[in-house]
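Numbering (my numbering), first residue to last: 212 to 670.
Encoded structure:
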């Protein structure tokens, strides 16, 4: 069964992954312990042979060989070779998972577009979904070892109820050198066309929807077949395997604790007997290779392989419930809880502020010592919906209210003076008066830079 540990890592906390290190099923220890024991035994045998059996001259020859192997073993690009291989294997593994044929979309379309509550309508819907599930069983039987052991012959599929005896005869009667998983889907298309002629499918749009979902389902079955047929090139798999095993073969000799080459190195030389870092390196690289070996074909019987038999049972049960028991089986329509209440109610202790945007609560503070920006003296429009804000250097002994009162009084005086023009001056035409008064009046109301400076300088 697939090992799931999602609940264990639901929350990120201190030592969260440490609980997963001591699990055996589906772990790297279970995959790697045989190779690890073999490596340790071979390393120990060579170490005992070097220390206890060889003569002084033979030890010198072995020491030169060990230094040579340790020097040139580093030339093998282990990280690059293994990293690229495991990346390709993981993409292939995820593609096979997403290509697994699930009848959920198809059963919804069949339940909603193949009408009839009588025995004929029920028979049509159930047969359509049985054909779809039969196609997935045939394709999984040809690529999955678990399904092959469950359905060893086509008679086992008939006994399980996915196919009738007459359908088995028709399947065997059609001769083909290739896999015939597509035949039940052709029966599905023919039966859907017959249902359209009988009026069970109301229009051609509903029939087209059925055909579209059928083609999507068929394409997934086809992708599984092609994933099983076309593998990662064998030459690359061989390169990775040879690189890993040859590297650690050289490490058996090159990582031995031999005497230092120069007498000055005796002060920093340590004879630990147990190559801790070499064992860790073997655990990482060989474990990486085992991961690629595990996920390159997820339709086997490993701990983390897909549960194909369980998926087959789930698909046939759910699809039959959707098109038979759930067809036109609706609950009574009632007013829901939020008919009056516009939102869900939570306890006050669990209420959290609603996110309104990162700048929703931002406060803009003006610097009092900032100098005013120079503004070009241009004529403003008569009506401006968005007045400009000027940062003005204010004296510390004058409050903001005094500046506003002074500006307001001067604005009112100017406005009254404009309303009562002097009799000595010839009045302008009405159009020119409006063009002159509006900019000046608007400038006084908004507060021009000159007015603001006079207000600040007034004692």
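No residue lacks a Cβ here, since even glycine has one placed at the ideal position from N, Cα and C. All values derive from a computational prediction rather than experimental measurement.
Top-ranked residue by Cα proximity to residue i, from the options
| i | options | result |
| --- | --- | --- |
| residue 397 | 408, 414, 378, 410 | 378 |
| residue 494 | 504, 247, 235 | 247 |
| residue 176 | 343, 462, 528, 529 | In the structure as shown, the chain starts at 212 and stops at 670, and residue 176 therefore has no counterpart that could be examined. |
| residue 431 | 508, 249, 346, 488 | 346 |
| residue 375 | 305, 350, 342 | 342 |
| residue 393 | 258, 243, 363, 351 | 351 |
| residue 294 | 500, 227, 522 | 500 |
| residue 513 | 226, 239, 270 | 239 |
| residue 344 | 315, 407, 504 | 315 |
| residue 253 | 464, 506, 518 | 464 |
| residue 442 | 250, 417, 503 | 503 |
| residue 261 | 516, 564, 466, 575 | 466 |
| residue 438 | 451, 510, 428, 469 | 510 |
| residue 282 | 458, 521, 213 | 458 |
| residue 451 | 413, 496, 472 | 496 |
| residue 446 | 292, 251, 552, 287 | 292 |
| residue 265 | 485, 289, 469, 498 | 469 |
| residue 448 | 523, 419, 505, 401 | 505 |
| residue 484 | 456, 259, 554 | 259 |
| residue 436 | 228, 296, 491, 349 | 349 |
| residue 401 | 418, 515, 391, 553 | 418 |
| residue 517 | 226, 354, 318 | 354 |
| residue 411 | 329, 563, 571 | 329 |
| residue 490 | 255, 213, 226 | 255 |
| residue 390 | 366, 440, 404 | 440 |
| residue 337 | 403, 279, 273, 309 | 403 |
| residue 473 | 271, 224, 236 | 271 |
| residue 460 | 223, 241, 257 | 257 |
| residue 321 | 553, 521, 407, 546 | 407 |
| residue 312 | 527, 224, 237, 515 | 527 |
Residue i classed as buried or exposed, judged by whether at least 16 other C-beta atoms fall within 10 angstroms
| i | result |
| --- | --- |
| residue 454 | buried |
| residue 221 | exposed |
| residue 275 | exposed |
| residue 307 | buried |
| residue 533 | buried |
| residue 363 | exposed |
| residue 232 | exposed |
| residue 277 | buried |
| residue 340 | buried |
| residue 216 | exposed |
| residue 569 | exposed |
| residue 244 | exposed |
| residue 230 | exposed |
| residue 427 | exposed |
| residue 519 | buried |
| residue 567 | exposed |
| residue 286 | exposed |
| residue 267 | exposed |
| residue 530 | buried |
| residue 226 | exposed |
| residue 219 | exposed |
| residue 250 | buried |
| residue 481 | exposed |
| residue 288 | exposed |
| residue 672 | The requested residue 672 is not part of the displayed model; the chain covers only 212 to 670. |
| residue 296 | buried |
| residue 429 | buried |
heavy atom of the ligand NAD below 7 angstroms from residue i C-beta
| i | result |
| --- | --- |
| residue 244 | Only the bare structure without any ligand can be found here, which leaves the ligand NAD out of the picture. |
Closer than 8 angstroms to chain D by CB, residue i
| i | result |
| --- | --- |
| residue 535 | No chain D is part of this structure, which consists of one protein chain only. |
Next item on the list: Evaluate contact between the segment 367 to 376 and the segment 411 to 431, counting only Cβ atoms and requiring at least three cross-stretch pairs below 8 angstroms.
Entry: no
Checklist line | Runs of alpha helix (DSSP H) lying entirely within the segment 319 to 371, each at least 4 residues, in chain order | finding: 330 to 352, 356 to 361, 365 to 371, all fully within the segment 319 to 371.
Next item on the list: Count the C-beta pairs between the segment 381 to 394 and the segment 296 to 304 that are closer than 8 angstroms, then say yes if the count reaches three, no if not.
Entry: no
Next item on the list: Just list the alpha helix (DSSP H) runs in the segment 250 to 307, keeping only unbroken ones of 4 residues or longer that don't cross its boundaries, in chain order.
Entry: 267 to 283
Next item on the list: Pick out the complete beta strand (DSSP E) segments inside the segment 511 to 569, 3 residues or longer, and give them in chain order.
Entry: DSSP runs (the beta strand (DSSP E)) wholly in the segment 511 to 569: none.
Check: Is it a yes or a no for the segment 321 to 335 touching the segment 353 to 361, going by three-plus beta-carbon pairs under 8 angstroms?
Finding: With a cut-off of 8 angstroms, the segment 353 to 361 and the segment 321 to 335 do not count as touching, because too few Cβ pairs lie within range.
Check: Counting pairs of Cβ atoms below 8 angstroms between the segment 329 to 338 and the segment 533 to 546, do you hit three or more?
Finding: Output reads yes: the segment 533 to 546 touches the segment 329 to 338.
Margin query: My parser needs the alpha helix (DSSP H) runs of 4 or more residues fully inside the segment 218 to 242; what are they?
Written below: Listed in chain order, nothing qualifies, since the segment 218 to 242 has no complete alpha helix (DSSP H) run of 4 or more residues.
Notebook entry, point to check: At what residue ranges does the segment 371 to 459 contain a whole run of the alpha helix (DSSP H), taking only runs of 4 or more?
Noted result: 376 to 384, 394 to 409, 415 to 440
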